[in-house]
Structures are given as structure tokens and as C-alpha cells.
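Peer 1:
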Amino acid sequence: MADGSEVALRDLAEYLADDMAACNRAIVERMDSPVALIPQLAAHLVAAGGKRLRPLLTLASARLCGYRPDATHQRHVALAACVEFIHTATLLHDDVVDESSLRRGMASANAVFGNKASVLVGDFLFARSFQLMTDDGSLKVMNILSSASATIAEGEVLQMSTQNDLSTQIDQYLEVIHGKTAALFAAACRVGAVVADRGEAEERALESYGTNLGMAFQLVDDALDYAADQARLGKTVGDDFREGKITLPVLAAYAAGSAEDRAFWQRVIEESEQKPEDLDHALRLIEQTGAIRTTLERATEYADAAREALSIFPPSRLRQMLQDTASYTVNRLR
């Protein structure tokens, strides 16, 4: 049986089914290329599925702001596809950097096609996203989405610089996840208000919603790496641990641990000296110190802020579904 969190996202997808179908068609069309490897790798990505949450947010934001498309004007659809291309390009590059073998429970593209192909097709998708921006013709839209693309790259580089460093401050960690995740959520939502020609207040409200939603989403993702089974997570449990990534569960467990516990974290994270049994011990320490609860509390604060950001819009079914989507991000961990 689907839990409340799954129902919230399913309801949003069903409400926007026609728009999302048009977006998926645009994605498939723009992934086409006479270079055979590109559509082959693209087909692998499409088969891997995914919730398409980011393009859904663009479509929902435009509709919330009263955008009314017609047969010749489907800006929200094209920009939702653009957002998905930016996201997918970053996933391709991330999996290469992280040497990941799984993505959404399937073999990752780099595991199937190799690192070189994944990087180059990621570049292709970035290029396609910028074609979609220029086709839209709005300098404001281009500024929002191109700025988000740069911020994502900065977030990934910042994450690399904090890797294996337990002296990382929580504010630095939050800066990382804002860059790598929340910035695109924010941009995806804000462009919905732009295409609907709404004012600065609506733009900023949706940007705030997206930012806070993205922060909650990534906090929960980081917690799931220490609190979910592999089938549920869609990637190998403990990937962040093995890669020495600094996430809030690790920082919280390290701060709350004994001298012996801290020595363990220093060995496995900072010195990258890991034994086969170390992941299980790390999971026990995460549980004993309440690190998942700490992470969930912070995620809940962001989800609450996301819901509150939408209060400037009049009550509607779509507003409620977007607020429920904020709840969904946290409920994945409950």
C-alpha cells in the first residue's frame, strides 16, 4: 500500500498528467541525435525512471500562477524539459565523479557505457538545456536557469573540497546542499512564475518554496544513505560512507560520539581506512547518537518553511498538493 508521502507525489503527477506527458515527449525528442550512442544512453536514462520531481515543480508553479498554455505556446513544458536536462546532466557527471554503480536501482550509465560516454552525453544534455533556454527567448529565464547551473557546479566542487574533512562546519555542509540540490529546485519553481508573467512577490515565494523543499529533500537523501535498505534507496547503501562524504548524519554522530567513536570516524572518513565491518559499526553509531533524528528535525524545519512560502497564493487544490509534496520529502525517512 502506498504511504501518504507517495500519495502526495502521485496526486501531483496525476493532476499534471497532460503537461507531464508533453514534457516527456519534449525530452525524448530533444535527446535524439544522429550520433547513435547519445540516444542509446538516453534510452537507458529514461528506462531508469525517476519521479521527475524538478520538471513537475516547473509545471505546477506555472499552473499555480495561472499560466494558460495554448496549442502554440507551451513555455512551461519546454522549460520543464530544460530543468530535467540540467538535472540529468549533473547526475551523469556525479556518478562518474563518485564512481557509482547504481542509479535508481539500475546500473548507472557510467557502469554500462563507461565514464567517457557519460561525461560527454552529460555535456550534450547541458547544451540541449541551453538551446531550450534560448528558444524560450526570455533573458530572465536564461539568467535564472544558467545561474542555477553555475551554482550546481560550485556546490559539487565545494562538496569535493569538504570530502573526508570532519572539521567541516554545518553551515558549510548546508552551503554544499544548497548548491548541489536546492538551487535547481528554486530555479525550477521560479521560472513557473516568470512564464505566467507574475510579479516579484510570487517569483520570490516560489523561489523560497523551491529552495526550502530542495534543502529538505537533500537532507533526507543524506539520512537515507544510513537508514534505508538498498531496494528502497535505489543506490548502494553506504555509498556516502565509502566515499568519505561529509553529511549531517556523520557530523551529528561525530559531534555526539565518545572519544573512541570520534577516533573511528577519523579513521574511516578522514583517513579512508575502512574494513568490511565498518559500515555496520557506523550505522550503529548513527543510531545510538540520534543522528538521523537530528537530520530529520532540520529537514522538517525546511519543509515547514517551504509550505509557509506558498501562503501568499490563495487556497487551491494545487497549492495543497505542493504543500503536501514538502511533507513527502520528510516522510520518506519516517
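Numbering of the sequence shown is given in my numbering, commencing with residue 68 and proceeding in unit increments.
Backbone N, C-alpha and C define an ideal beta-carbon position, used for all residues, glycine too.
Predicted model, so just to flag it, every value in this text is computed and none were measured.
Provide the residue span of the alpha helix (DSSP H) that contains residue 122, from first to last.
Peer 2: As a first step, residue 122 is located in the sequence shown; it is residue number 55 there, counting from the start. Residue 122 -> alpha helix (DSSP H) spans 120-131.
Peer 1: Are the CB atoms of residue 192 and residue 155 within a distance shorter than 8 Å?
Peer 2: Sequence index remark: in the sequence shown, residue 155 carries index 88 (1-based). Sequence index remark: in the sequence shown, residue 192 carries index 125 (1-based). Contact flag set, yes.
Peer 1: Just verifying my parser: in three-state terms, what is the DSSP assignment at residue 263?
Peer 2: Along the sequence shown, read from residue 1 onward, the residue named residue 263 stands at position 196. Note: residue 263 maps to coil in three-state DSSP.
Peer 1: Tell me whether the beta-carbon of residue 93 lies closer than 8 Å to the beta-carbon of residue 174.
Peer 2: What you label residue 93 is simply residue 26 of the sequence shown in a count that begins at 1. What you label residue 174 is simply residue 107 of the sequence shown in a count that begins at 1. Cβ distance not < 8 Å, so residue 93 and residue 174 don't count as in contact.
Peer 1: With DSSP as the reference, please indicate the residues paired to residue 373 in a beta bridge.
Peer 2: Locating residue 373 in the sequence shown gives position 306, counting from the first residue. Paired residues: none, contrary to the question.
Peer 1: Considering only their Cβ atoms, is the gap separating residue 146 from residue 80 smaller than 8 Å?
Peer 2: Indexing the sequence shown from 1 puts residue 80 at position 13. Indexing the sequence shown from 1 puts residue 146 at position 79. Contact: no.
Peer 1: What do you get for residue 388, buried or exposed, if any count of 16 or more other CB atoms within 10 angstroms of its CB means buried?
Peer 2: Start at 1 with the first residue of the sequence shown, and residue 388 comes out as number 321. Answer is buried; the Cβ neighbour count reaches 16.
Peer 1: Using the Cβ count rule (16 or more neighbours within 10 Å means buried), how would you classify residue 264?
Peer 2: On the sequence shown, residue 264 is found 197 positions in, with the first residue counted as 1. Residue 264 is exposed by the Cβ-count criterion.
Peer 1: Helix, strand or coil: which one does DSSP assign to residue 174?
Peer 2: Taking the first residue of the sequence shown as position 1, residue 174 is located at position 107. Residue 174: strand per DSSP, three-state reduction.
Peer 1: Between residue 134 and residue 196, what straight-line distance do the alpha-carbon atoms span, to the nearest angstrom?
Peer 2: Against the sequence shown, residue 134 aligns to sequence position 67. Against the sequence shown, residue 196 aligns to sequence position 129. So the two alpha carbons sit approximately 22 Å from each other.
Peer 1: Could you tell me the alpha carbon to alpha carbon distance between residue 307 and residue 230, rounded to whole angstroms?
Peer 2: The count along the sequence shown starts at 1 and reaches residue 307 at position 240. The count along the sequence shown starts at 1 and reaches residue 230 at position 163. C-alpha separation (whole angstroms): 10 Å.
Peer 1: Check whether the Cβ atoms of residue 448 and residue 186 sit closer than 8 Å, and answer yes or no.
Peer 2: Any answer about residue 448 is impossible in this case: the structure gives the chain only from 68 up to 401.
Peer 1: From which residue to which residue does the alpha helix (DSSP H) around residue 382 run?
Peer 2: As a position in the sequence shown, residue 382 is number 315, starting the count at 1. Note, residue 382: premise wrong, no alpha helix (DSSP H); not H, not E.
Peer 1: For residue 274 versus residue 253, is the C-beta spacing smaller than 8 Å?
Peer 2: For the purposes of this step, residue 274 is taken as residue 207 along the sequence shown, with counting starting at 1. For the purposes of this step, residue 253 is taken as residue 186 along the sequence shown, with counting starting at 1. Taking 8 Å as the Cβ cut-off, residue 274 and residue 253 qualify as a contacting pair.
Peer 1: Taking residue 400 as the reference, give the member of 294, 358 and 251 with the closest Cα.
Peer 2: By 1-based counting over the sequence shown, the position of residue 400 is 333. Closest option to residue 400, Cα to Cα, is 294.
Peer 1: Within 10 angstroms of the Cβ of residue 279, are there 16 or more other Cβ atoms? Answer buried if so, exposed if not.
Peer 2: Here residue 279 refers to the residue found at position 212 of the sequence shown. Result: buried.
Peer 1: Within a Cβ cutoff of 8 Å, which residues of the same chain sit near residue 165, ignoring the five residues on either side of it in sequence?
Peer 2: In the sequence shown, counting from the first residue as 1, residue 165 sits at position 98. 306 and 310.
Peer 1: Less than 8 Å between the CB atoms is what I'm expecting for residue 385 and residue 130, so what's the real figure, rounded?
Peer 2: Reading the sequence shown from its first residue, position 318 is the one you call residue 385. Reading the sequence shown from its first residue, position 63 is the one you call residue 130. Going by Cβ atoms, the distance from residue 385 to residue 130 rounds to 6 Å, so yes, they are a contact pair.
Peer 1: For residue 340, which residues in the same chain have their Cβ closer than 6 Å to its Cβ, ignoring the five residues on either side in sequence?
Peer 2: Position 273 of the sequence shown, counting from 1, holds the residue named residue 340. Cβ neighbours of residue 340 beyond the five flanking positions: 334.
Peer 1: Taking 7 Å as the limit between beta carbons, can you name the residues of its chain near residue 321, skipping five residues before and five after?
Peer 2: For this step, residue 321 is matched to residue 254 along the sequence shown. If we look at residue 321 and ignore the five residues flanking it on each side, its Cβ neighbours are 233, 329 and 332.
Peer 1: Alpha helix (DSSP H) containing residue 161: first to last residue?
Peer 2: As a working mapping, residue 161 is identified with position 94 in the sequence shown. Counting along the chain, the alpha helix (DSSP H) containing residue 161 begins and ends at 142-165.
Peer 1: What did DSSP end up calling residue 293 once you bin it into helix, strand or coil?
Peer 2: Looking up residue 293 in the sequence shown gives position 226. In this structure, residue 293 counts as coil in the three-state DSSP scheme.
Peer 1: Quick check: residue 318 and residue 365, are their CB atoms within less than 8 Å of each other?
Peer 2: Indexing the sequence shown from 1 puts residue 318 at position 251. Indexing the sequence shown from 1 puts residue 365 at position 298. Taking 8 Å as the Cβ cut-off, residue 318 and residue 365 do not qualify as a contacting pair.
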